[in-house]
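Q:
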Amino acid sequence: MKLARVAGTVVSTFNAPIFDNQRLLLCDLVSPAGEATGDYVIAVDVVDAGAGETVLILDEGTGARQIMGETTAPIRAVVVGIIDEVDV
Amino acid sequence: MKLARVAGTVVSTFNAPIFDNQRLLLCDLVSPAGEATGDYVIAVDVVDAGAGETVLILDEGTGARQIMGETTAPIRAVVVGIIDEVDV
Amino acid sequence: MKLARVAGTVVSTFNAPIFDNQRLLLCDLVSPAGEATGDYVIAVDVVDAGAGETVLILDEGTGARQIMGETTAPIRAVVVGIIDEVDV
Amino acid sequence: MKLARVAGTVVSTFNAPIFDNQRLLLCDLVSPAGEATGDYVIAVDVVDAGAGETVLILDEGTGARQIMGETTAPIRAVVVGIIDEVDV
Amino acid sequence: MKLARVAGTVVSTFNAPIFDNQRLLLCDLVSPAGEATGDYVIAVDVVDAGAGETVLILDEGTGARQIMGETTAPIRAVVVGIIDEVDV
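Protein chains in written order, with our numbering: chain A, 10 to 97; chain B, 10 to 97; chain C, 10 to 97; chain D, 10 to 97; chain E, 10 to 97.
Next comes the structure, spelled out in structure tokens:
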């Protein structure tokens with residue numbers, strides 16, 4: 010799993026029904042210190058994360074489908090938690 | 010999931026039957042701002058995306074097979090949506 | 010599988026129940042010689058690893074769920090062992 | 010899926026039975042324009058691809074096993090098609 | 010699949026039972042010409058590979074478990090063959 014910062018939302022049409030009632034978040038991957046790495050991922054939001062929040066990203070299809078309660082959804086990345094603190 | 014821009018199509022022979030009636034798209038991966046990253050992916054088109062359109066790519070085999078309605082297809086990447094807007 | 014050094018812990022809320030009684034470790038990926046690579050992974054700890062210890066990381070969802078004894082958990086990376094020695 | 014150019018073959022012993030009657034191809038990953046990227050993959054050949062040909066690589070275990078007609082083979086990458094043309 | 014050269018062994022405690030009777034190999038990923046790429050993988054040895062030998066690495070959980078004859082082992086990378094020759 011990776012840390013990311015919510016940077017915005019993605020609006021898409023003509024996609025699979027699983028996305029109909031879901032927010033797709035643009036998440037910038039960050040270092041443990043919170044610096045942007047230059048990479049990003051588009052993830053489904055299941056924790057109601059807001060812009061600027063640091064989140065935990067799960068980027069794995071089977072786990073992503075499970076947390077959505079779907080067995081056949083075309084998804085891979087999900088925001089599974091909001092990060093309160095990284096203790097180093 | 011990642012953002013990409015449809016750059017063209019790929020014509021292939023001697024491939025698996027699953028590809029017979031499908032368009033294979035050459036998709037350039039892009040940043041959230043729409044800049045080419047230099048990487049690409051060949052993806053099956055299930056949303057009838059046109060050249061130049063920004064799309065959402067799912068690069069995961071199980072989800073790709075599910076959206077194709079196939080349980081045993083040799084595919085991994087699928088265009089699952091056309092992006093209307095990235096709100097940052 | 011990869012080698013990593015435990016660098017700290019991650020405190021998260023609003024996450025999936027599977028994480029409730031688990032420690033999430035910030036693990037810096039290292040070379041066989043123990044040098045930081047600059048990359049990291051957030052992993053569930055199943056071996057009670059301490060800060061500074063070199064560990065073996067499994068970054069694969071199905072195996073991660075199995076070692077946790079869960080069939081439907083949104084996890085992908087797990088610390089599966091503490092490294093005593095790398096013989097080169 | 011990715012584009013690659015067949016660069017040679019790999020001869021291996023002491024490997025799994027699934028490989029006994031299969032050609033293992035050394036495939037250089039290429040850009041859509043056909044330039045080598047510097048990366049490569051060892052893939053099982055199911056389309057009888059020849060040296061120098063541009064091919065479509067599927068790098069995913071479940072799909073690779075399916076196209077081989079095996080449910081328990083230790084393979085991940087397969088040449089699934091020969092590319093005739095990339096229309097950009 | 011990738012080519013690698015066996016560089017040593019990893020000694021670990023507190024790990025999963027599946028590792029109890031297995032050798033964990035430190036494998037340096039190499040180019041087809043045999044040059045180190047700077048990356049590595051820790052893999053289970055199922056072909057009794059020796060230090061310095063060039064091997065074929067399968068880095069995929071399901072296939073790795075299958076070749077080990079286990080359905081629930083926390084492993085992902087396995088040495089599946091010893092390379093005799095790369096014909097370019």
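We put the CB at the ideal spot given by N, CA and C, even for glycine.
1. Cα separation between residue 49(C) and residue 59(B)?
2. For chain D, is any of its Cβ atoms less than 8 angstroms away from the one on residue 67(E)?
3. State the start and end residues of the unbroken alpha helix (DSSP H) segment that holds residue 72(B).
4. Smallest Cα separation from residue 66(D): which of 52(B), 38(B), 56(B)?
5. Between residue 55(D) and residue 35(B), how many whole angstroms is the CB-CB distance? I'm expecting something under 8 angstroms.
6. Whole angstroms are fine: how far does the CA of residue 76(C) sit from the CA of residue 77(D)?
7. If we call anything under 8 angstroms between Cβ atoms a contact, is residue 91(A) one with residue 27(A)?
8. Residues of chain E with a CB under 8 angstroms from the CB of residue 38(C): which are they?
9. Within 8 angstroms (strictly less), CB to CB, does residue 70(E) reach chain C?
10. Take residue 21(C) as the anchor and find which of 69(A), 47(A), 13(A), 72(A) has the nearest alpha-carbon.
11. Should residue 80(E) be labelled buried (16 or more other beta-carbon atoms within 10 Å of its own) or exposed?
12. In three-state DSSP terms, what is residue 27(D)?
13. For residue 18(C), which option in 32(C), 88(C), 62(C) has the closest C-alpha, if you only look at C-alpha atoms?
14. Grouping DSSP H, G and I as helix and E and B as strand, with all else coil, what is residue 95(C)?
15. Between residue 76(A) and chain C, is the shortest Cβ-Cβ distance under 8 angstroms, so that the two count as touching?
16. What does residue 29(A) touch in chain C if you count any residue whose Cβ is under 8 angstroms from its own?
17. Using only the alpha-carbon positions, how far apart do residue 39(D) and residue 30(E) sit?
18. Per DSSP, what kind of secondary structure is residue 32(B) in: helix, strand or coil?
19. Only counting the same chain, and skipping five residues up and downstream in sequence, which positions put a Cβ closer than 7 angstroms to that of residue 37(C)?
20. Since residue 86(E) meets chain C, which of its residues come closer than 8 angstroms, beta carbon to beta carbon?
21. For residue 94(D), decide whether its Cβ has a neighbour in chain B, counting only Cβ atoms nearer than 8 angstroms.
A: Working from what's here:
1. 38 angstroms
2. yes
3. Run containing residue 72(B): 70 to 77, per the alpha helix (DSSP H) assignment.
4. 52(B)
5. Cβ atoms of residue 55(D) and residue 35(B) stay farther apart than 8 angstroms, at about 22 angstroms.
6. 29 angstroms
7. no
8. Neighbours of residue 38(C) on chain E: none; closest Cβ ~11 angstroms, over 8 angstroms.
9. yes
10. 13(A)
11. exposed
12. Of the three classes helix, strand and coil, the one that applies to residue 27(D) here is helix, per DSSP.
13. Comparing Cα positions, the closest option is 32(C).
14. Correct three-state label for residue 95(C): strand.
15. yes
16. Within 8 angstroms Cβ-Cβ: nothing; residue 29(A) doesn't reach chain C, min ~21 angstroms.
17. Taking the Cα positions, residue 39(D) is about 41 angstroms away from residue 30(E).
18. Here residue 32(B) carries a coil assignment [DSSP, helix/strand/coil].
19. Taken in chain order, the residues that qualify are 13, 14, 16, 45, 49.
20. 10
21. yes
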